[in-house]
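K.L.:
My numbering puts the first residue of the sequence shown at 44, with every later residue one more than the last. C-beta atoms are modelled at their ideal positions from N, C-alpha and C, and glycine is treated no differently.
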Amino acid sequence: MYGVEPATRAPDRELASRPGRHNQHQALRDGRLMAAVARGDQHAYGELVETELPRVVAVARRVLGNDSEADDVAQEALLRLWRQAADWRAGEARVRTWLYRVAVNLAIDRLRRRREETGTEAPEIAEPASQQRQLEDQDLAAVVNDALQKLPERQRIALTLFHYEGETMADVAEVMDTSPDAVESLLGRGRRALKKQLAHHWQNIMPDAQN
C-alpha cells in the first residue's frame, strides 16, 4: 500500500486500465514528482503543492463548511504526502485521488469530533429551504454551499468530488472506500435533497442532473 490514511483496502486498479493521453501524462507526472519528493526535492514538492493545494482546500471546505479548518486539513494532507513519499508506488493511484482521500478522512474526523462535543448528529435528510427572500438575496454559490452543509457527510463528499471536482465514479469510490454503485446511490439521494432545498435554482446548479 502507498500510505493512504487509513489504509483499509487495496487501491482500485481502474486508473491503470483507463485510456487517454491526459491520464497517461498525469500518471507520468505524478510518478516523476513523487520520486523526486521521496529524494527530498523541495522544488518537486512545491510543484505538487502549487497544483493540488487549491483543489484539496476546496474539497475540505465543502465537507467542513469552515475555511480555517479546511486550510488546516489541506496542509496536513500535503504534509503527509511529503512524509510518506518514499512509500509511493507509481501507477496505483493519482496524487490528487490520494490527497482527496486523506483530506476527506481528516475532515470526517473533525466532523465526528464536532458531534461528540455538541452531542448532535448530522441530519440524515436535508432540511427544506424556508426563506425564499434570503435565497434570492444571497450569492448562488453561498446558497449551494449552505445547502451542502445540511446533507449527510457521505452525500456531501460524493457530490463534491463528482460534480465540483469532476472525478469519475470509480475515483470517488476509491476516495470514499466504497463501490461505484454505492457512490451512485449517494449521488442520487444527495441530488434529490438539494433539489428539494434549492428548487428555484436547480436548473442553474445541475442542468444535466437526472435525479
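1) Do valine 102 and tyrosine 207 count as a contact pair if the criterion is CB distance below 9 Å?
2) Between the stretch 122 to 132 and the stretch 75 to 87, do at least 3 Cβ pairs fall closer than 8 Å?
3) What ranges does the alpha helix (DSSP H) occupy inside the stretch 70 to 124, keeping only unbroken runs of at least 4 residues that lie completely in it?
4) Return the chain-ordered list of same chain residues with a C-beta closer than 7 Å to the C-beta of glutamine 192, the five sequence neighbours on each side being excluded.
5) Using C-beta distances below 6 Å, list every residue in its chain close to alanine 120, excluding the 5 sequence neighbours before and after it, in chain order.
6) Return the CA-CA distance between proline 195 and threonine 203, expressed in angstroms with no decimal places.
7) By a C-beta neighbour count over all protein chains shown, 10 Å radius and 16 as the cutoff for buried, is threonine 140 buried or exposed?
8) Roughly how many whole angstroms lie between the Cα atoms of alanine 129 and arginine 137?
9) Please report the residue range of the alpha helix (DSSP H) in which alanine 130 lies.
10) Would the C-beta of leucine 122 count as close to the ligand GTP, meaning under 8 Å from any of its heavy atoms?
P.N.:
Considering the structure as presented:
1) Looking up residue 207 in the sequence shown gives position 164. Looking up residue 102 in the sequence shown gives position 59. Less than 9 Å divides the Cβ of tyrosine 207 from the Cβ of valine 102.
2) Short answer: they touch.
3) For the stretch 70 to 124, whole alpha helix (DSSP H) runs of length 4 or above, ordered along the chain, are 85 to 107.
4) If you number the sequence shown from 1, residue 192 lands on position 149. These residues qualify, in order along the chain: Gly108.
5) Here residue 120 corresponds to residue number 77 of the sequence shown, with the count starting at 1. The residues are Val99, Leu142, Val145 and Ala146.
6) Position 152 of the sequence shown, counted from the start, is the residue given in the question as residue 195. Position 160 of the sequence shown, counted from the start, is the residue given in the question as residue 203. Near 12 Å, if we compare the C-alpha coordinates of threonine 203 and proline 195.
7) By one-based count along the sequence shown, residue 140 stands at place 97. Label assigned to threonine 140: buried.
8) In the sequence shown, counting from the first residue as 1, residue 129 sits at position 86. In the sequence shown, counting from the first residue as 1, residue 137 sits at position 94. Whole-angstrom Cα-Cα distance: 15 Å.
9) As a working mapping, residue 130 is identified with position 87 in the sequence shown. Contrary to the premise, residue 130 reads as aspartate rather than alanine in this sequence. Here aspartate 130 belongs to no alpha helix (DSSP H), and DSSP marks it neither H nor E.
10) In terms of ligand content, the structure shown is empty, and the ligand GTP therefore cannot be addressed.
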